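Under the numbering used here, the first residue of the sequence shown carries the number 392, and numbering increases by one thereafter.
Here is the structure we will look at, set down as C-alpha cells.
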Amino acid sequence: MDSLAHRPFVKMNGLGNEILVLDLRADPVAVAPAAARALARREALPFDQAMVLYPPRRPDTSAFVRILNSDGSASAACGNGTRCIAALEAEATGSGHVRFESEAGLLDCRVHADGTVTVDMGAPRFSWRDIPLARDVDDTSAVTIAGFEQFGPASLLSMGNPHAVFFVPDADAVDVEGLGAALEHHPLFPERANISFASLTGPDAILLHVWERGAGRTRACGTAGCATAVAAARTGRTGRTVSVRLPGGLLGIEWRPGDDGRESGHVLMTGPVEREFSGLITPAMLGEAA
Numbered sequence: 392m393d394s395l396a397h398r399p400f401v402k403m404n405g406l407g408n409e410i411l412v413l414d415l416r417a418d419p420v421a422v423a424p425a426a427a428r429a430l431a432r433r434e435a436l437p438f439d440q441a442m443v444l445y446p447p448r449r450p451d452t453s454a455f456v457r458i459l460n461s462d463g464s465a466s467a468a469c470g471n472g473t474r475c476i477a478a479l480e481a482e483a484t485g486s487g488h489v490r491f492e493s494e495a496g497l498l499d500c501r502v503h504a505d506g507t508v509t510v511d512m513g514a515p516r517f518s519w520r521d522i523p524l525a526r527d528v529d530d531t532s533a534v535t536i537a538g539f540e541q542f543g544p545a546s547l548l549s550m551g552n553p554h555a556v557f558f559v560p561d562a563d564a565v566d567v568e569g570l571g572a573a574l575e576h577h578p579l580f581p582e583r584a585n586i587s588f589a590s591l592t593g594p595d596a597i598l599l600h601v602w603e604r605g606a607g608r609t610r611a612c613g614t615a616g617c618a619t620a621v622a623a624a625r626t627g628r629t630g631r632t633v634s635v636r637l638p639g640g641l642l643g644i645e646w647r648p649g650d651d652g653r654e655s656g657h658v659l660m661t662g663p664v665e666r667e668f669s670g671l672i673t674p675a676m677l678g679e680a681a
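Here it is, written out as C-alpha cells:
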C-alpha cells in the first residue's frame with residue numbers, strides 16, 4: 392500500500408455519490424483491495440467508488456479506468472464516477488468530448504457548457520448469462536425472487552454490472568438498508584447485484600432509492616438510474632426518455648432505440664458533478680483497513 396503514499400487524489404461527487412479519483416497514468420501501480428478499504432474509512436477519504444486512471448490501451452481514449460467499491464471489490468461500471476473523470480479530463484484538455492475505456496467497454500462523454508456531463512453508458516444486456524444470474528429464467532423483465540415475493544417481480548438486467556429493479560408504490564417507504572443488504576447477496580446473483588426500489592411520480596418521472604453492490608445505500612447511482620429507466624420503458628411504464636430523482640438529485644436518462652428497432656440501443660445519462668477538494672495521499676490514510 393506504500394506505493395500509493397504521496398500520490399495525488401481528487402475528491403468529487405455526482406449527485407452526492409462520493410467519488411475518489413486517482414490518476415496513475417504517469418506512474419501506474421495496482422490499487423489493492425486493502426488499500427481501497429483503508430482509503431474509504433471515515434477518517435481517511437470516504438468514498439462510494441474510486442475511479443483509478445491508467446494509461447490508455449487504445450489511441451482514441453484518454454485512459455483505461457479501473458473502478459473499486461468502498462469494500463475493495465471491483466466494479467465494471469460507475470456512471471456518476473465517469474461523469475466526474477470526464478469533467479476533470481475536459482478541464483485538463485480543453486475538449487468537451489472525451490473517451491475512456493473500462494472493463495465494460497468504451498465510455499463516450501460530452502461535457503456541456505452548464506457543467507453537466509452526458510455519458511454513453513452502452514447498451515443494456517438482458518440475457519440471464521450476461522447479467523449474470525445463477526439460473527435460466529424465462530423473462531428477465533419480470534422475475535419473482537424467492538423470499539421476496541411480496542414485492543412483486545423484479546426487472547433484471549446488466550448495465551456493465553448486475554441490477555435488480557423493483558417497482559413499488561412508494562420508494563420512500565421501503566427499508567432500503569435491510570432489503571438491499573439481503574437481496575445483494577441473494578443466491579440468484581452469483582456476482583451480487585445492485586438493488587433499486589422505484590416509484591413512478593409522473594408519466595416519465597421516477598423516484599429511486601438504491602442499495603449499491605459493494606458500497607451500501609448511496610445518495611445516487613448512475614448505472615442504477617440507467618437500469619431503472621430501461622426497466623420502466625421495457626415494461627411499458629414509461630417512454631424511453633425519463634427523469635430519475637435520487638436522494639442526491641436528478642438524472643436525465645435516454646434509452647435510444649437500437650439500429651434494428653429492438654431492445655439494443657445505448658443509454659445516455661446526463662447529470663451534474665461537483666469537485667470537493669484535492670491533495671496527496673498520506674501514509675495515515677493508508678492505515679490498516681477496518
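Built from N, CA and C at the ideal position, the CB exists for glycine as well.
On a predicted model such as this, the values are computed, not experimentally measured, just so you know.
Own chain residues within Cβ distance below 6 Å of residue i, not counting five before or after
{"i": "Pro613", "result": "Rather than Pro, the amino acid found at residue 613 in this sequence is Gly. Hits under 6 Å: Gly470, Asn471, Met660."}
{"i": "Ile522", "result": "Leu547, Ser549, Pro553"}
{"i": "Gly571", "result": "Ile586, Trp602"}
Residue i CB to nearest heavy atom of the ligand FMN below 7 Å
{"i": "Gly639", "result": "No copy of the ligand FMN appears in this structure; indeed no ligand is present at all."}
Straight-line Cα distance separating residue j from residue i
{"i": "Ile597", "j": "Leu413", "result": "33 Å"}
{"i": "Arg449", "j": "Arg457", "result": "15 Å"}
{"i": "Leu641", "j": "Gly662", "result": "7 Å"}
{"i": "Arg601", "j": "Arg490", "result": "Strictly speaking, residue 601 in this sequence is Val, with Arg absent from that position. Approximately 27 Å between the Cα atoms of the pair."}
{"i": "Phe542", "j": "Asp595", "result": "22 Å"}
{"i": "Arg385", "j": "Glu575", "result": "Not covered by the structure: residue 385. The range shown for the chain is 392 to 681."}
{"i": "Val528", "j": "Phe455", "result": "34 Å"}
Endpoints, the beta strand (DSSP E) within which residue i is located
{"i": "Leu570", "result": "Where Leu570 is concerned, there is no enclosing beta strand (DSSP E), although the alpha helix (DSSP H) it sits in stretches over 567 to 575."}
{"i": "Ile500", "result": "First, the residue type needs correcting, since residue 500 is Cys and not Ile in the sequence shown. 496 to 502 is the span of the beta strand (DSSP E), which, as asked, contains Cys500."}
{"i": "Thr619", "result": "No beta strand (DSSP E) contains Thr619, which is instead part of the alpha helix (DSSP H) from 613 to 625."}
{"i": "Asp364", "result": "Absent from the model: residue 364. The displayed extent of the chain is 392 to 681, so no value can be given."}
{"i": "Trp684", "result": "The chain is shown from 392 up to 681; residue 684 falls before or after that span and cannot be answered."}
{"i": "Trp519", "result": "No beta strand (DSSP E) contains Trp519, which DSSP labels as neither H nor E."}
{"i": "Asn585", "result": "585 to 593"}
{"i": "Val401", "result": "399 to 405"}
{"i": "Ala675", "result": "That residue, Ala675, is in no beta strand (DSSP E); it is neither H nor E in DSSP."}
Extent of the continuous alpha helix (DSSP H) to which residue i belongs
{"i": "Ala545", "result": "Premise fails: Ala545 lies in the beta strand (DSSP E), 545 to 549, not in any alpha helix (DSSP H)."}
Cutoff 7 Å; reference residue i; Cβ partners in own chain excluding five residues on either side
{"i": "Ala545", "result": "Val534, Ile536, Ala555, Val556, Phe557"}
{"i": "Pro578", "result": "Ala525"}
{"i": "Val565", "result": "Val559, Phe588, His600"}
{"i": "Asp499", "result": "Arg490, Asp511"}
Cβ neighbours of residue i in the same chain (closer than 8 Å, five flanking residues each side left out)
{"i": "Ala467", "result": "Ile458, Ser493, Glu494, Ala495, Gly551, Asn552"}
Taking the runs of the alpha helix (DSSP H) that are 4 residues or longer, which of them lie wholly in the region 419 to 476?
You should have 424 to 430.
Are the region 576 to 593 and the region 546 to 565 touching, with three or more C-beta to C-beta distances below 8 Å?
The answer is yes - the region 546 to 565 touches the region 576 to 593, with three or more Cβ pairs under 8 Å.
Under 8 Å: do the region 623 to 634 and the region 437 to 449 share three or more Cβ pairs, one atom per stretch?
Counting C-beta pairs closer than 8 Å gives fewer than three between the region 623 to 634 and the region 437 to 449, which falls short of the contact rule.
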